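Everything below concerns the one structure shown next.
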Amino acid sequence: MNNRLLAMVGSVMVVCLTVSASGQTAEGKKDGGAASPAGPSIKDAYKGIFLIGAAGDLPGGYSAEELDLVRQNFNVVTPENCMKPGPVHPSENTWRFERPDALVKWCADNQIAVHGHTLVWHAQTNNWFFRDGDKDVVTRRLKDHIGTLVGRYKGKIRGWDVVNEAINDGGNAETAKTENLRKSPWMRALGPEYIALAFRFAHEADPDAKLYYNDYNIEVGPKHESSMVLLRRLVKDGVPIHGVGIQGHWSTARVPYEAIDRAIGDYASLGLKVSITELDVTIRGTSGGQLGGGRPRGEVTPPSEQDLKAQADAYGRLFAIFLKHKDQIERVTFWGLSDRRSWRRGQHPLIFDASNHRKPAYAAIVEAIYHPKPEPAAPR
Ligand code: 9MR
Numbered sequence: 062m063n064n065r066l067l068a069m070v071g072s073v074m075v076v077c078l079t080v081s082a083s084g085q086t087a088e089g090k091k092d093g094g095a096a097s098p099a100g101p102s103i104k105d106a107y108k109g110i111f112l113i114g115a116a117g118d119l120p121g122g123y124s125a126e127e128l129d130l131v132r133q134n135f136n137v138v139t140p141e142n143c144m145k146p147g148p149v150h151p152s153e154n155t156w157r158f159e160r161p162d163a164l165v166k167w168c169a170d171n172q173i174a175v176h177g178h179t180l181v182w183h184a185q186t187n188n189w190f191f192r193d194g195d196k197d198v199v200t201r202r203l204k205d206h207i208g209t210l211v212g213r214y215k216g217k218i219r220g221w222d223v224v225n226e227a228i229n230d231g232g233n234a235e236t237a238k239t240e241n242l243r244k245s246p247w248m249r250a251l252g253p254e255y256i257a258l259a260f261r262f263a264h265e266a267d268p269d270a271k272l273y274y275n276d277y278n279i280e281v282g283p284k285h286e287s288s289m290v291l292l293r294r295l296v297k298d299g300v301p302i303h304g305v306g307i308q309g310h311w312s313t314a315r316v317p318y319e320a321i322d323r324a325i326g327d328y329a330s331l332g333l334k335v336s337i338t339e340l341d342v343t344i345r346g347t348s349g350g351q352l353g354g355g356r357p358r359g360e361v362t363p364p365s366e367q368d369l370k371a372q373a374d375a376y377g378r379l380f381a382i383f384l385k386h387k388d389q390i391e392r393v394t395f396w397g398l399s400d401r402r403s404w405r406r407g408q409h410p411l412i413f414d415a416s417n418h419r420k421p422a423y424a425a426i427v428e429a430i431y432h433p434k435p436e437p438a439a440p441r
């Protein structure tokens, strides 16, 4: 190829990338070498399809390079910890808004949306909510908590995980017919109604916010059935719920592709949107969202080339499923920024390595737009 021809090929590639960045038809999107740092960014590749997010308590404690990585690759951020009840509202009359305020401001300054996490949870919630209180007192505390937090960021936070992880783990054929709610302090204090109350209080505080129920392993087995029982009730009762968050803490060895595909359809059949809210696919380790699952004890073993390829394959197949349901899916958010900034550090679960470089999974996700392969990698 002579130099003139090379230059022409180069400009055709630039045109293709521009089309990709403007979010036009899949036919117009040509592979621009996503593995290279100069290739199309994941957020541009998926522009107009769904939002692409990362979790982190930005910007404090992040390096300039990491903040650039966020700006270049993501258009929505979930605060990983700073808006949870424990950190933000440690006692009845104490609020810690410094980090949440800084996050909301940084995101606004950088034209990045914010998804709030999480208003009601059994973990990271101080006991004062429940101490010496009858039902009325605890309900008032719940209302104050949600009203103050959602109200403060009204119009600045696009949606909230209102209730997080309310359904028990495991289950069987019997529990599958029920909501199988966790015996959390909220459940003990208020009974199953706490869920509807939380959604109503959030809706009152910001009628435009997109309100989500968020949980792990709800795509599969009895827990999925229980989630359908719960959500069907909420929808039937006119509770202001907008969507379901499938957390997406998976592992390359066991991604439940078919169940994920079916579950998204099930939730859509209730009139709900779906987001993948805490996506990470570990190279070693198990699936699930249970606390305490992640940190390495000793030295971190680096992933082999084969590990990285298997992970890329898993991410590619997952995004092919998400693309198939693009009309239902609002957002896909990774739980962390890089393998160094992950609750499952040591299991190499994310799309940037510990040095902030794109991993093969990154290219596979961009590539999924051109060559989706929704079939499962191996029989389950
Ligand atoms: O990633 C979060 C980690 O930094 C915290 O120590 C942990 C405990 O609060 O929570 C992690 O995030 C969880 C999320 O809020 C809800 N789903 C499961 C996530 C992983 O445990």
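FYI, the numbering for the sequence shown is 62 to 441, going by this note's numbering. Think of the CB as a built atom: it goes at the ideal place given N, C-alpha and C, for glycine as much as any other residue. None of these values were measured; they are calculated from a predicted model.
Check: Can you tell which of G100, D195, D276 and D298 has its C-alpha closest to the C-alpha of L340?; Outcome: D276
Check: On the DSSP bridge list, what partners appear for K166?; Outcome: Beta-bridge pairing links K166 to no other residue.
Check: Compute the distance between the beta-carbons of K334 and G304, then report whether it is under 7 angstroms.; Outcome: yes
Check: Is there at least one non-hydrogen atom of the ligand 9MR closer than 6 angstroms to the beta-carbon of N142?; Outcome: yes
Check: How about W189: is its Cβ closer than 6 angstroms to a heavy atom in the ligand 9MR?; Outcome: no
Check: Could you check whether T343 and Q408 sit closer than 7 angstroms to each other, using their CB atoms as the reference points?; Outcome: yes
Check: Taking C-beta to C-beta, are I321 and I412 nearer than 7 angstroms?; Outcome: no
Check: V131: which of T236, G397, W189 and V149 sits nearest, CA to CA?; Outcome: G397
Check: Using the Cα positions of A266 and G208, report the straight-line distance between them to the nearest angstrom.; Outcome: 5 angstroms
Check: I need the straight-line Cα distance from A163 to P120, nearest angstrom please.; Outcome: 7 angstroms
Check: Considering only heavy atoms of the ligand 9MR, does any lie closer than 6 angstroms to the CB of W404?; Outcome: yes
Check: Measuring alpha carbon to alpha carbon, tell me which of P433, A415 and Y423 ends up nearest E127.; Outcome: A415
Check: Is the number of C-beta pairs between the segment 136–144 and the segment 174–193 that are closer than 8 angstroms three or more?; Outcome: yes
Check: May I have a chain-ordered list of the alpha helix (DSSP H) segments no shorter than 4 residues that lie completely inside the segment 133–197?; Outcome: 146–149 and 159–170
Check: Which one of L242, P151, D197 and L369 has the shortest CA to CA distance from S312?; Outcome: L369
Check: Given P440, which residues of its chain have a CB within under 7 angstroms of its CB, disregarding the five upstream and five downstream residues?; Outcome: At P440, the pLDDT of 38 sits below 50, so the modelled position is not reliable and the matter cannot be decided from this model.
Check: Give a yes or no on whether the C-beta atoms belonging to P301 and F260 are separated by under 7 angstroms.; Outcome: yes
Check: Since L258 and L203 are thought to touch, with beta carbons under 8 angstroms apart, how far apart are those beta carbons, to the nearest angstrom?; Outcome: 6 angstroms
Check: Can you grab the Cα-Cα spacing for the pair R378 / Y107, in whole Å?; Outcome: 15 angstroms
Check: How would you call T155, buried or exposed, if buried means at least 16 neighbouring beta carbons within 10 angstroms?; Outcome: exposed
Check: Whole angstroms is fine: what's the gap from H150's alpha carbon to V199's?; Outcome: 15 angstroms
Check: Is it buried or exposed for G306, if we count other Cβ within 10 angstroms and need 16 for buried?; Outcome: buried
Check: Thinking C-alpha only, which one of D388, A371, R323 and I390 is nearest A424?; Outcome: A371
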